[in-house]
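Notes to accompany the following structure.
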(Lines of atoms letter the chains of each structure in order from A; the text may use other names.)
(Lines give C-alpha, C1' and ligand atoms only; values in the text may rest on other atoms or scores of the structure.)
Protein backbone atom coordinates (compact mmCIF):
# COMPACT_ATOMS: atom_id res chain seq x y z
CA UNK A 197 0.00 0.00 0.00
CA UNK A 198 1.00 3.58 -0.45
CA UNK A 199 2.74 5.36 2.36
CA UNK A 200 0.18 7.70 3.92
CA UNK A 201 2.63 8.96 6.53
CA UNK A 202 1.76 12.62 7.24
CA UNK A 203 5.42 13.42 7.97
CA UNK A 204 7.08 11.91 4.91
CA UNK A 205 4.12 11.57 2.54
CA UNK A 206 4.97 10.65 -1.01
CA UNK A 207 8.73 11.11 -0.51
CA UNK A 208 9.08 7.76 1.25
CA UNK A 209 7.42 5.93 -1.64
CA UNK A 210 9.45 7.94 -4.14
CA UNK A 211 12.70 6.95 -2.44
CA UNK A 212 11.77 3.26 -2.50
CA UNK A 213 10.76 3.40 -6.17
CA UNK A 214 13.98 5.26 -7.07
CA UNK A 215 15.91 2.51 -5.32
CA UNK A 216 14.04 -0.20 -7.25
CA UNK A 217 14.67 1.61 -10.51
CA UNK A 218 18.36 2.01 -9.68
CA UNK A 219 18.62 -1.76 -9.16
CA UNK A 220 16.90 -2.42 -12.47
CA UNK A 221 19.17 -0.04 -14.38
CA UNK A 222 22.26 -1.49 -12.65
CA UNK A 223 21.15 -4.94 -13.75
CA UNK A 224 20.89 -3.69 -17.33
CA UNK A 225 24.41 -2.28 -17.14
CA UNK A 226 25.78 -5.47 -15.60
CA UNK A 227 24.27 -7.52 -18.43
CA UNK A 228 25.45 -5.31 -21.29
CA UNK A 229 27.44 -8.21 -22.76
CA UNK A 230 24.96 -11.02 -22.02
CA UNK A 231 23.55 -12.50 -25.23
CA UNK A 232 19.76 -12.14 -25.58
CA UNK A 233 19.46 -10.02 -22.42
CA UNK A 234 16.50 -7.66 -22.68
CA UNK A 235 16.91 -4.27 -20.98
CA UNK A 236 14.04 -3.33 -18.69
CA UNK A 237 12.96 -0.10 -17.06
CA UNK A 238 9.83 1.40 -15.56
CA UNK A 239 8.10 4.72 -15.82
CA UNK A 240 8.77 6.30 -12.43
CA UNK A 241 5.89 8.80 -12.58
CA UNK A 242 3.39 6.11 -13.57
CA UNK A 243 4.63 3.80 -10.80
CA UNK A 244 4.43 6.56 -8.20
CA UNK A 245 0.90 7.49 -9.28
CA UNK A 246 -0.16 3.83 -9.03
CA UNK A 247 1.40 3.53 -5.58
CA UNK A 248 -0.40 6.66 -4.42
CA UNK A 249 -3.71 5.26 -5.66
CA UNK A 250 -3.35 2.21 -3.42
CA UNK A 251 -1.13 -0.35 -5.15
CA UNK A 252 1.88 -1.80 -3.39
CA UNK A 253 5.21 -0.38 -4.52
CA UNK A 254 6.21 -3.69 -6.12
CA UNK A 255 2.93 -3.94 -8.02
CA UNK A 256 3.19 -0.32 -9.12
CA UNK A 257 6.75 -0.78 -10.40
CA UNK A 258 5.87 -4.03 -12.18
CA UNK A 259 2.80 -2.48 -13.81
CA UNK A 260 4.88 0.47 -15.07
CA UNK A 261 7.73 -1.77 -16.28
CA UNK A 262 8.56 -2.77 -19.79
CA UNK A 263 11.35 -3.76 -22.12
CA UNK A 264 13.46 -1.04 -23.67
CA UNK A 265 13.44 -0.84 -27.47
CA UNK A 266 17.00 -0.25 -28.64
CA UNK A 267 17.89 2.42 -31.19
CA UNK A 268 20.16 -0.09 -32.92
CA UNK A 269 19.74 -3.85 -32.91
CA UNK A 270 22.66 -6.01 -31.81
CA UNK A 271 23.68 -9.27 -33.44
CA UNK A 272 23.51 -11.22 -30.16
CA UNK A 273 19.95 -10.11 -29.31
CA UNK A 274 21.00 -7.95 -26.35
CA UNK A 275 18.96 -4.73 -26.11
CA UNK A 276 21.21 -2.90 -23.62
CA UNK A 277 22.66 0.34 -24.97
CA UNK A 278 25.31 1.12 -22.40
CA UNK A 279 25.36 4.90 -22.87
CA UNK A 280 21.57 5.10 -22.48
CA UNK A 281 21.61 2.94 -19.36
CA UNK A 282 24.47 4.90 -17.79
CA UNK A 283 22.71 8.20 -18.44
CA UNK A 284 19.42 6.97 -16.98
CA UNK A 285 21.25 5.50 -13.98
CA UNK A 286 23.04 8.80 -13.31
CA UNK A 287 19.80 10.81 -13.62
CA UNK A 288 17.98 8.42 -11.29
CA UNK A 289 20.87 8.57 -8.78
CA UNK A 290 20.63 12.38 -8.68
CA UNK A 291 16.87 12.18 -8.17
CA UNK A 292 17.37 9.55 -5.44
CA UNK A 293 19.86 11.81 -3.67
CA UNK A 294 17.49 14.79 -3.95
CA UNK A 295 14.63 12.80 -2.41
CA UNK A 296 16.91 11.51 0.33
CA UNK A 297 18.08 15.06 1.11
CA UNK A 298 14.46 16.17 1.39
CA UNK A 299 13.70 13.35 3.82
CA UNK A 300 16.81 14.14 5.85
CA UNK A 301 15.66 17.76 6.09
CA UNK A 302 12.25 16.67 7.33
CA UNK A 303 13.84 14.40 9.95
CA UNK A 304 16.17 17.19 11.04
CA UNK A 305 13.24 19.58 11.43
CA UNK A 306 11.30 17.08 13.51
CA UNK A 307 14.34 16.32 15.68
CA UNK A 308 14.87 20.04 16.28
CA UNK A 309 11.22 20.47 17.22
CA UNK A 310 11.34 17.50 19.59
CA UNK A 311 14.48 18.79 21.30
CA UNK A 312 12.95 22.24 21.67
CA UNK A 313 15.99 23.97 20.15
CA UNK A 314 15.50 27.48 18.87
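In the numbering used here, the protein residues as written are 197 to 314.
Even glycine gets a Cβ: it sits at the ideal position worked out from N, Cα and C.
Alpha-carbon spacing of residue 261 relative to residue 223, whole angstroms = For this step, residue 261 is matched to residue 65 along the chain shown. For this step, residue 223 is matched to residue 27 along the chain shown. Their Cα atoms are separated by approximately 14 Å.
Minimum C-alpha distance to residue 234 - residue among 307, 302, 303, 281 = Within the chain shown, residue 234 is the residue found at index 38, counting from 1. When each option's Cα is compared against that of residue 234, the closest is 281.
Hey, would you say residue 334 sits closer than 8 Å to residue 227, going by beta carbons?
-> Beyond the ends of the chain as shown, which are 197 and 314, falls residue 334; an answer cannot be given.
Can the beta-carbon of residue 215 be found closer than 8 Å to that of residue 263?
-> In the chain shown, counting from the first residue as 1, residue 215 sits at position 19. In the chain shown, counting from the first residue as 1, residue 263 sits at position 67. Against a cut-off of 8 Å, the Cβ pair of residue 263 and residue 215 comes out as no contact.
Name the residue from 205, 221, 204, 206 whose alpha carbon lies nearest to the alpha carbon of residue 286.
-> Sequence index remark: in the chain shown, residue 286 carries index 90 (1-based). Among 205, 221, 204, 206, the Cα nearest to that of residue 286 belongs to 221.
So, helix, strand or coil for residue 260, using DSSP?
-> Position 64 of the chain shown holds residue 260. Of the three classes helix, strand and coil, the one that applies to residue 260 here is coil, per DSSP.
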